[in-house]
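Novice: Each residue of the sequence shown is one higher than the one before, starting from 52 at the first, in the working numbering. Every residue gets a Cβ at the ideal spot worked out from N, C-alpha and C, and that includes glycine.
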Amino acid sequence: MSSTSQVSPARAAPAVREGRTPLVSVCIPTRNRAPHLRGAIASALTADVDDLEVLVFDDASEDDTEAAVRALGDPRITYRRHPRRVGIARNRNTCLLTARGRYLAWLDDDDAYLPGGLETQLALLEREPDVVLAHGAVEAVEASGRRCPGWESPFREDVIEGGTDAFSELVLCNYIHAPSVVARASAQHAAGLYATDTGDRAEDWDAWLRLALEGDVGFTARPVARYRCHARGVHATRSTSLAWLRSEAR
52 MSSTSQVSPA
62 RAAPAVREGR
72 TPLVSVCIPT
82 RNRAPHLRGA
92 IASALTADVD
102 DLEVLVFDDA
112 SEDDTEAAVR
122 ALGDPRITYR
132 RHPRRVGIAR
142 NRNTCLLTAR
152 GRYLAWLDDD
162 DAYLPGGLET
172 QLALLEREPD
182 VVLAHGAVEA
192 VEASGRRCPG
202 WESPFREDVI
212 EGGTDAFSEL
222 VLCNYIHAPS
232 VVARASAQHA
242 AGLYATDTGD
252 RAEDWDAWLR
262 LALEGDVGFT
272 ARPVARYRCH
282 ARGVHATRST
292 SLAWLRSEAR
């Protein structure tokens, strides 16, 4: 079980009123990413969204992650730390089971929302009741801030795909970028927990496939998040990594 440590409250920003369901829970699973984590959290906190909560679930980090979160001092943040490493899927599941929002936003710890990005995805879901998963274009950048070459969006304009159509396309390729995803909580709970038998590389893809069977999938052509490429990260090694291929096959 995870241990719980609540971030010290700040006076300026109001927390979600007790007994009220947040509009959105921004879920940020993290491990050893303290230098980038504060930027990810800050991008969520600056969104123009009422009744927002930010859940930071720490998978037994060995850096100063907890101190970085506490330094933000915002009552909308809940920080919890696993005393032992549980892996990305189980860490995501603790976020999922704790989140109280009507919508669930999945933001990776080294990524960030672009201004207006979270609001755009929430507006799509509010406007389109049959859409259960909203995703969008991202700005892919390297550690230096330079754009990653060869990065393309799956669509050139806003699109709403029928769930079975999206499923058929997703089986061939995972074209959904996690930091752009906002899902209906009811649909994600119906789709089930993140799979813990896919390894640490395909648990989100598996989740998007199951969500697509719950309803329509909406895409926003305007970039909504900044995605950080790593020279030794998943996307840099996926085509040659046997572990990646095994994970995708599962």
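Quick check on this structure: which residue in Ala236, Phe270 and Arg261 has the alpha carbon closest to the alpha carbon of Ile227?
Specialist: Phe270
Novice: Pick out whichever of Gly168, Ala217, Ser112 and Asn144 has its Cα sitting closest to the Cα of Val233.
Specialist: Gly168
Novice: Exposed or buried, which one is Thr171 when buried takes at least 16 other CB atoms within 10 Å?
Specialist: Thr171 is buried by the Cβ-count criterion.
Novice: Classify Thr82 as helix, strand or coil using the three-state DSSP reduction.
Specialist: This sequence places Arg at residue 82; Thr is not what is there. Coil at Arg82, not helix or strand.
Novice: Among Pro86, Val75, Asn142 and Phe218, which one has its Cα closest to the Cα of Glu266?
Specialist: Checking the displayed sequence, the identity of residue 266 turns out to be Gly instead of Glu. Taking only the C-alpha atoms, the option nearest Gly266 is Phe218.
Novice: Near Asp99, what residues of its chain come up, given a Cβ to Cβ distance below 7 angstroms and the 5 sequence neighbours on each side ignored?
Specialist: Glu170
Novice: Quick check on Asp141: buried or exposed, where buried means 16 or more other Cβ atoms within 10 Å of its Cβ?
Specialist: Reading off the sequence, residue 141 comes out as Arg, not Asp. Per the 10 Å Cβ criterion, buried.
Novice: So Gly187 is in the beta strand (DSSP E); what residue range does that whole segment cover?
Specialist: Val182 to Val192
Novice: Can you tell which of Cys146, Glu104, Ala118 and Pro86 has its C-alpha closest to the C-alpha of Asp161?
Specialist: Nearest to Asp161 by alpha-carbon distance, out of Cys146, Glu104, Ala118 and Pro86, is Pro86.
Novice: Measure the Cβ-Cβ separation of Glu190 and Pro274 and say whether it is below 8 angstroms.
Specialist: yes
Novice: Distance check for Leu147 and Leu155, CA to CA, integer angstroms please.
Specialist: 8 angstroms
Novice: Quick check on Val222: does DSSP put it in helix, strand or coil?
Specialist: helix
Novice: Name the residue from Arg82, Asn83 and Gly152 whose alpha carbon lies nearest to the alpha carbon of Asp101.
Specialist: Gly152
Novice: Report the option in Pro205, Glu104 and Gly213 whose CA atom is closest to the CA atom of Trp157.
Specialist: Of the candidates Pro205, Glu104 and Gly213, the one whose C-alpha sits nearest the C-alpha of Trp157 is Glu104.
Novice: Measuring CB to CB, does Ser231 end up less than 8 angstroms from Ala150?
Specialist: Judged by beta-carbon spacing, Ala150 lies beyond the 8 angstroms limit of Ser231, meaning their Cβ atoms are not closer than that value.
Novice: Could you pull the DSSP bridge partners for Arg279 from this structure?
Specialist: Val192
Novice: Provide the residue span of the beta strand (DSSP E) that contains Ile211, from first to last.
Specialist: Val210 to Glu212
Novice: Arg277 and Leu184 - do their beta-carbons sit closer together than 8 angstroms?
Specialist: no
Novice: For Glu193, which residues in the same chain have their Cβ closer than 7 angstroms to its Cβ, ignoring the five residues on either side in sequence?
Specialist: Excluding positions up to five away in sequence, the list reads Cys199 and Cys280.
Novice: So, at 8 angstroms on beta carbons, what are the nonlocal neighbours of Asn83 in its own chain, with the 5 sequence-adjacent residues on each side left out?
Specialist: Ser112, Glu113, Asp114 and Thr116
Novice: Mapping the DSSP letters down to three states, classify Thr97 as helix, strand or coil.
Specialist: Looking at Thr97 - three-state DSSP - the assignment turns out to be coil, as it is neither helix nor strand.
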